[in-house]
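**Q** Below you will find the structure I want to go over with you.
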Amino acid sequence: MTTASNQAPLSKKDFKSDQDVRWCPGCGDYGILNAVQSAFAKLGKNLHDTVVISGIGCSSRFPYYMETFGFHTIHGRAPALATGVKVANPDLDVWLVTGDGDAMSIGGNHFIHLLRRNVGIKVLLFNNRIYGLTKGQYSPTSEQGKKTKSTPMGSIDHPMSPVSLALGAGATFIGRSIDTFGPHLENVIMRAAAHEGTALVEIYQNCNIFNDGAFDSFREKSIRAERTVELEHGKPVVFGADSNRGLRLNHDLQPEIVTIGENGITEADVMVWDEADTSPARAMAFAAMSEADFPVPLGILRNTTRPAFEKEVNAQVQTAQQNRGDQKLQDLLNGPDRYTI
Amino acid sequence: MTTASNQAPLSKKDFKSDQDVRWCPGCGDYGILNAVQSAFAKLGKNLHDTVVISGIGCSSRFPYYMETFGFHTIHGRAPALATGVKVANPDLDVWLVTGDGDAMSIGGNHFIHLLRRNVGIKVLLFNNRIYGLTKGQYSPTSEQGKKTKSTPMGSIDHPMSPVSLALGAGATFIGRSIDTFGPHLENVIMRAAAHEGTALVEIYQNCNIFNDGAFDSFREKSIRAERTVELEHGKPVVFGADSNRGLRLNHDLQPEIVTIGENGITEADVMVWDEADTSPARAMAFAAMSEADFPVPLGILRNTTRPAFEKEVNAQVQTAQQNRGDQKLQDLLNGPDRYTI
Amino acid sequence: MVQDPHNGTQATDKSVEALDEVIIRFAGDSGDGMQLTGSQFTRTTALMGNDLATFPDFPAEIRAPAGTLPGVSAFQLRFSNFDIHTPGNQPHVLVAMNPAALKVHIDQLPRDGLLILNTAKFRPADLKKAKYAENPLEDGSLDGYRVVQVDLEKLTHETLKESPLDKRSKDRCKNMFALGMLYWLYNRDVEPTLKALDDTFAKKNPDIAEANKQVVKAGYNYADITGLFQTSYTVSKATDLPSGSYRNIMGNQALCLGLVAASKKSNLPIFLGSYPITPASDILHQLSGYKNHGVITFQAEDEIAAVCAALGAAYTGKIGVTTTSGPGLALKGEAIGLAVMTELPLVIINVQRSGPSTGMPTKTEQADLLQAMCGRNGESPVPVLAATSPSDAFATAFEAVRIALEYMTPVIVLSDGAIANGSEPWLIPDETELPGISVNFLPAATETDEPFMPYRRNPETLARNWAIPGTEGLQHRIGGIEKADLTGNISYDPDNHEHMTMVRENKVAGIANSIPDVTTVGPDEGDVLILGWGSTRGPIAGAVRAMEPSGKKVSGCCLRYINPFPNNLGDLMKRFKRVLIPELNRGQLSMLIRNKYLIDATSYTKVQGLPFYTDELVKRVDQILEELQR
Amino acid sequence: MVQDPHNGTQATDKSVEALDEVIIRFAGDSGDGMQLTGSQFTRTTALMGNDLATFPDFPAEIRAPAGTLPGVSAFQLRFSNFDIHTPGNQPHVLVAMNPAALKVHIDQLPRDGLLILNTAKFRPADLKKAKYAENPLEDGSLDGYRVVQVDLEKLTHETLKESPLDKRSKDRCKNMFALGMLYWLYNRDVEPTLKALDDTFAKKNPDIAEANKQVVKAGYNYADITGLFQTSYTVSKATDLPSGSYRNIMGNQALCLGLVAASKKSNLPIFLGSYPITPASDILHQLSGYKNHGVITFQAEDEIAAVCAALGAAYTGKIGVTTTSGPGLALKGEAIGLAVMTELPLVIINVQRSGPSTGMPTKTEQADLLQAMCGRNGESPVPVLAATSPSDAFATAFEAVRIALEYMTPVIVLSDGAIANGSEPWLIPDETELPGISVNFLPAATETDEPFMPYRRNPETLARNWAIPGTEGLQHRIGGIEKADLTGNISYDPDNHEHMTMVRENKVAGIANSIPDVTTVGPDEGDVLILGWGSTRGPIAGAVRAMEPSGKKVSGCCLRYINPFPNNLGDLMKRFKRVLIPELNRGQLSMLIRNKYLIDATSYTKVQGLPFYTDELVKRVDQILEELQR
Ligand SMILES: Cc1ncc(C[n+]2csc(CCOP(=O)(O)OP(=O)(O)O)c2C)c(N)n1
Ligand SMILES: Cc1ncc(C[n+]2csc(CCOP(=O)(O)OP(=O)(O)O)c2C)c(N)n1
Ligand code: SF4
Ligand code: SF4
Ligand SMILES: [Mg+2]
Ligand SMILES: [Mg+2]
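Protein chains in written order, with the working numbering: chain A, 16 to 356; chain B, 16 to 356; chain C, 55 to 684; chain D, 55 to 684.
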């Protein structure tokens, strides 16, 4: 389905369309485009079975730059339209590109329903914590107190965490990466591609025009090791240049930072990450950690299995066709109560 | 604000409007109406400062039966309209009545944004796990495999848990009760009334026409003690006729049922409920428990503090008025660049 | 042709009279099973070869409190031995199961009408619930009606003495007693109902099947033995209907069959995205039972998701359909605009109900025509079709799919509450005679092909290429921003925008060349043309037929195609001195006609949540004829 | 009056000529600061007492890649010593900061026009980005234009030799050099700009303020010293404008001031519920800065939440306002219907942009009129007003609030992209002369009052009672289901539904009695009446004025009130042989006029994302005049 049959595998360049890329110079979107094209080439995808669907926003310009099928839809509705695409033709490889406004604000309802249904769609959420295309209003993911054009005295709304919301909605796969973390991002995208149901990838993306530096407190190379923590399945949750600091939950399920080698703490005291937890509680505890006080969790936050929606829908149709597929149109039209005049 | 000044406190009957109640005989909605009227009387509310706002559905007929101000809005949009009411006049006591379809389906986006903003509105979500008013299609809270008019071969969608979703959206108060649990329900409603931000109360409600018996597996008196568990702040989470069974989370944060007195388990091994947890993880673990394998948690699942949205909004206006409130309309019209011809 | 019934031709058997037509109204509590009773009588009557039309009228409440006025549910059936067009206005027979039903409906029974009352429900408490101060059975207010009083409850219970059912379940059978009585009165065949009861209940609950069957028969026998009615009546087969195979069909059913037929004829599966809403939900229900015909139904989280999912499915090469009612259509406007811009086929079915806002959801109206035409931002032309009767909904749905696929455009189909739940006999088409719908997906592009252009068009229809994902070499990007001609790339070029605006407009206008000319009931010239659309067809045809004998020069015409109008409509209207446009709104078709043809059409509107009655139209036409004579 | 500029009356000083009007177009990269340059020139020019009109034209991209064609941003300013109506069509001067700007705009500069080019940006790489095969500076394609070549970058850097700024920041000042040159060329005062630069930057970054100021002055001096232009020009104060206090104002600004003024005059605070969308977002921005005037702004999660929150606020007795553009209006339809049914005041502002669907978001259009009229389910009448120019937006917003409050109804205000971002001088009203808006909340009910009826009406306006929550004794329930007359209880009664439908319709129709008669530019009878609405006012007035000297019997008239129409409109149109309706759509007002007045109005449409030009209208009128003579 995603590999062309008798053709040489495509290169990253083959995934570039002939359209000029029109994001602002320096925009984080470029890095994501690059990572996606690279990942698609590595995954051996072909062009014509791949569909990239987006809403409206700077990020949602994405499909124009991909030499695949593409649908730039309307604001917030891409998850619904993509659901139609995937259910109608499960053989297509459907990717959805959306922004924090597109997905969390106007599209919030479609977003949560996509996740709970577990439609086999891969969602790349470009979270720049701002409305880019409409020139810089705060978004549902903007930090409280943010001064923007529409909030001269600071925003009041408590920010929404896409990961927490997705957990609440029953997401089966959640990954997180950063626009400038090329190989990391590529890897998370490839993990998402391998997931059977809905795979959400939150990507922190710098909007250098309206929200420059939003992620500087943990994105910069020099502090990355201290300020982010990579969640690896089956491995202890450690971070820091020397990997000697770890995270665990205390009795009240509050996260705690511990230093291995101090106060008798060993690696065994650190929580071992299990992306396949039945309960979303652990991921929730991590998603809800304060960004200021804890390292930012990256990698795969959740990866569990539930049948993909489109498969079950089509299976019902197949069953019905096996059982009653021989009904002729004429019989259907006639119905049970035909009479003649 | 909610107590009439120089009047005798109102009785439950005073909260009944002159309109005939038109739910089906036997509908769970009657019990909820009764509990609300009783709670309102006990809380010493007055009629004219109270506004009951609803969407569309059987449940949303509620305002007509209350002798308060009432607004029966459109499907799914009541949270948005109520936000306008409360922000425009924070002195009003605003209650929102909604159904599982109204709040979780068409109104999902407004629902989550209400919760994250923490607007001082009390939400009564009548969850009958069905679309009542449109005569019996499955709803987002219906169990998977449900056969309804629109799903003759069983529903495919994974159900949404209002409590999990609310936790993901950042809810500050979540309670849960059952239509027939009069005093319990009344108490949860009174607790919600006391909360400063958005208070969500999920009420399991039997629709005896289209989903009769949906909650029989834990609602009936004879099994209630075994099949439900009351979460009480600061107390161990125990249940059963003899209160000798308890819940705790194992190392993987999976809930476990333990029996006090067996295998050396004492009350100290049982989890102590803390409704005021900073992290939503514990509540999430409980919300996600399988209904079949665990007792159903009732009572107050979460109760934390964040400033109410409407207060902060109005505080900004007041600050601005204090600082620049003396600007005359004429000055505003003139602007900085006036000239004369 | 129309005659006072119960005064019909004397039949040979002393106790049997032959009638040309009968109108029966069953009215009772929501819980009394009036809709079921009505549909059983209807089905039996259809099988006996009468023409018929039905009008169900039920409350918004699922089960309003028993015995109250808002809880009354009614079902009207008109059947005849000739071609009829409407379920009629005043009934000849009113069956009232309780005082509330009597109170709500008695005004419409003519004084010599037959009134069958269930005396079991005229206790003081019942009267109070129905807000009767006095007992109407006793205060003389029913004088003049031919009242037949029956204690249906007692008789039902007596019949079911031996049945193992509990009291409540037995009670529920009483509607079958009334049905049995009416079967005797109109010499209907009891067998089909007995069979239907078996089919419905025998498996799940044989006791209930048995009880109901006993009670129908008991009702029949009771009427026979007691001589409660002096005479029984017959209505013979309709003779002026075209001969062929028929079935009785409701509008929502016919829509579903039309969609499935178009699916088979185009060899494309249906994908329905829908969100439940009265009175459209039954389309979702019915189509979700057609999975064996390849139909996928998706109950979405809201109307916007429903239309977007359908559009997504259309993008992949399926027949995308979405169904709703007025408030839902209001929500879908933005997404329909996206379908216009991306030029993808899509069928939007709007079963209209009374508005504005939530309005009166269970009542009919035609006030969404302008919303269908104009309810989107920008210049966003969409073809609009309207089903003109329950059975016509089949062809309308079929045509909508054809137009959507042939012209690569969203199409809006308007139906309404009266069509959706009303029924009439339908001359079942022969599958092989249905036209084929040809669909050409663009084939995979090879290296040597000329460059692929997603917005290249069929020069005749102006339909653009349909290049579905999964086809090698056809990768392209579409979206809601204005498209450059041919390439479909984003374009802000002023001339291109004007050009594409005109292409979209002309494409829709050009559909006029693929639809039939409109025809008239009556001659195609004269004094007054009654011009309607959608469900006004019945009353218009009825009015024209009613006026025919008097020699008045009145014709009727009812549009199934509203955008574009049939090519001959302008000329047709000019051949009449006056055009009268009756609509269940405040003049919406009238606005379109006056604007386009600059004809001083007279608008005649009714906004009561009810269909027009034939006699209302006759009266209005008479006024106009008088004016014309002055 | 309109004259060829740069050929104007010779002034006394040999090197200074006086002109009546000038049109300048600044064009450059999105990053070149053209909008800022244009607005500075505009502000200065306003302060110097000219009449003026502006037309900004920027790309959808925030910062399209530098130097590309889609990245070109432009700002046109027309200023004059007489009353003008439009920003004009062809400029007299084009400033092109790079080859892309040249390529996009050169077609519109007349051959003898002045072309100022930044030669620093004509390197091969720049030419390639602009898709020039040859260098236009060298291939003779600019022959005939009066080309002035300046290396703005070099000159700017020279000026800023001493500045501590980095190269990139210095580069950014080059637009100020061009501005300075034009200030010299048109004898503009540099001071206001120097002050503005201080106000904007001095606190945050004094180096930037200083650099910009130096560069403006350097540009001015450069033009002065080098004798680059043979002549400089003056345009004296506009003399035919009414005297008074003025400010230059953009449409979005004026809307905001109109709302706040109405708030003060009605003593009710504004509650704005909005979701950002181009080109309406600036209203949200501006109103969020008016908290000191009691304005609450709520940035909602989507358009539906925005309108619902505003309606909720209206319910509590505030002025509920929601602002959006076309796609957003499509989403609000259902909720506006709820406002119609509940009869609550609400102001919905729709700043139109090119459609359908996403369309061309930064381009103007007038294609949402029918959406405003009909984009809801059921019969859902709403008053519709349209701002006719940037400054008229003030009065239009004020009137919308007045009508909403006095008639208890939602009101739709249409503006468009050209009005929103365009600007013109505004005769600032005297606060005390603005009419008061009286609002009467129903007072608390005492035991002895007659029973409170939420749907009792003011017999004159038909406005229902406004009984706000918190008022003792006025508890009642409202909602979207049809209301019983007076009580407002739920009602399914057929006659009540018809009655209420008519009341809602008549209430809106009755607003005609509270609005002024429409007036004409030119005599109120003649051969051709150019009838427009909204932003076509400028071009219409311009066309009429342009044709006046020739003695053609052409008048113009532009509607601010569209639903209902002014009472005198029908009569007015009858006094002309032909009515021409120019619209930036495919004939939407035309449809309303033809339907209502059955007049064979001629529709003239333009759908290019651009306003009408005066000469287009003149040409079309001439054709009609010719037809009339035949
Ligand atoms: C129905 C509708 N409402 C509003 C808009 C205006 N709009 C376009 S993009 C956008 C938000 C963009 O924010 P986000 O999704 O975070 O994307 P970004 O530009 O930041 O990548 C808005 C409000 C629109 N196009 N359509
Ligand atoms: C815009 C719109 N879409 C659909 C409907 C139809 N509708 C009315 S209520 C309802 C769902 C009711 O379910 P729920 O919210 O669970 O309420 P319940 O009747 O079960 O109390 C639907 C789909 C509507 N009234 N408006
Ligand atoms: S505005 Fe921000 S998000 Fe949008 S393209 Fe520019 S830098 Fe990127
Ligand atoms: S349908 Fe169900 S939810 Fe609705 S009133 Fe009846 S019993 Fe209650
Ligand atoms: Mg963003
Ligand atoms: Mg429900």
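For glycine and all other residues, C-beta sits at the position ideal for the given N, C-alpha and C.
Under the three-state reduction of DSSP, which class applies to D/Leu-282: helix, strand or coil?
**A** Three-state DSSP puts D/Leu-282 in coil, outside helix and strand.
**Q** So A/Gly-340 contacts chain C; which residues on that side make the cut at Cβ distance below 7 Å?
**A** Within 7 Å Cβ-Cβ: Asn-346.
**Q** Can you tell me which of the three DSSP states C/Glu-397 falls into?
**A** coil
**Q** Cβ of C/Leu-528 within 8 Å of Cβ of C/Phe-506?
**A** yes
**Q** For A/Ala-323, go through chain B and note every residue whose CB falls closer than 9 Å to its CB, in chain order.
**A** Within 9 Å Cβ-Cβ: nothing; A/Ala-323 doesn't reach chain B, min ~10 Å.
**Q** Between A/Ala-326 and the rest of its own chain, which residues show a CB-CB distance below 8 Å, the 5 nearest in sequence each way excluded?
**A** Reading off the sequence, residue 326 of chain A comes out as Lys, not Ala. Answer for A/Lys-326: Pro-105, Gly-135, listed in chain order.
**Q** B/Ile-47 and B/Leu-200 look like a contact to me (Cβ under 8 Å); what is the Cβ gap, rounded to whole Å?
**A** 7 Å
**Q** At which residues does the beta strand (DSSP E) containing D/Ser-657 begin and terminate?
**A** 656-659
**Q** For a cutoff of 8 Å on Cβ pairs, would you count C/His-551 as touching chain A?
**A** No, its Cβ sits nowhere closer than 8 Å to a Cβ of chain A.
**Q** Using 8 Å as the threshold, is the C-beta distance between D/Ser-320 and D/Val-493 below it?
**A** For D/Ser-320 and D/Val-493, yes; Cβs fall inside 8 Å.
**Q** Which residues bound the alpha helix (DSSP H) around D/Gln-130?
**A** DSSP places D/Gln-130 outside any alpha helix (DSSP H); the residue lies instead in the beta strand (DSSP E), whose first and last residues are 126-134.
**Q** What does the Cβ neighbour count give for C/Asn-143, buried or exposed, with the cut at 16 atoms within 10 Å?
**A** buried
**Q** Could you give the residue range of the beta strand (DSSP E) that holds B/Pro-270?
**A** 270-274
**Q** Rounded to whole angstroms, how far is the Cβ of D/Pro-246 from the Cβ of D/Thr-98, which I believe are closer than 8 Å?
**A** 5 Å
**Q** What number of angstroms, rounded off, separates the C-alpha of C/Asn-61 from the C-alpha of C/Val-562?
**A** Residue placement at C/Asn-61 cannot be trusted, given a pLDDT of 43 that sits under 50; what the coordinates show is reported in the next sentence. Using only the alpha carbons, I get a separation of about 53 Å.
**Q** With burial defined as no fewer than 16 other Cβ atoms inside 10 Å of the residue's Cβ, what is the status of D/Asp-58: buried or exposed?
**A** Its pLDDT being 38, under 50, D/Asp-58 is placed unreliably by the model, and nothing is read from it.
**Q** Would you mind telling me which residues of chain B sit closer than 7 Å to C/Pro-34, beta carbon to beta carbon, in chain order?
**A** Shown here, chain C extends from 55 to 684; a query on residue 34 of chain C therefore has no answer.
**Q** If the criterion is Cβ atoms closer than 8 Å, does the pair D/Met-589 and D/Ala-472 meet it?
**A** For the record, residue 589 of chain D in the displayed sequence is Ser; it is not Met. Yes, Cβ-Cβ distance for D/Ser-589 and D/Ala-472 is below 8 Å.
**Q** Using 10 angstroms around the beta-carbon of D/Gln-8, count the other beta-carbons present and answer buried if the total reaches 16, otherwise exposed.
**A** In the structure displayed, chain D extends from 55 to 684; residue 8 of chain D sits before or after that span and is not available.
**Q** In three-state DSSP terms, what is D/His-211?
**A** helix
**Q** Helix or strand or just coil, what does DSSP make of D/Leu-322?
**A** coil
**Q** Decide if C/Thr-377 is buried, meaning its Cβ has at least 16 other Cβ atoms within 10 Å, or exposed.
**A** buried
**Q** Which residues, taken in chain order from the stretch 620-639 of chain D, show a beta carbon closer than 7 Å to some beta carbon of chain C?
**A** Asn-639
**Q** Say whether chain B places a C-beta atom closer than 8 Å to the C-beta of A/His-173.
**A** yes
**Q** Please compile the residues from chain A whose C-beta is within a distance smaller than 7 Å of the C-beta of C/Gly-533.
**A** Residues of chain A passing the Cβ test: Phe-86, His-87, Thr-88.
**Q** Just the C-alpha distance for D/Lys-386 and B/Ile-89, rounded to the nearest angstrom, thanks.
**A** 12 Å
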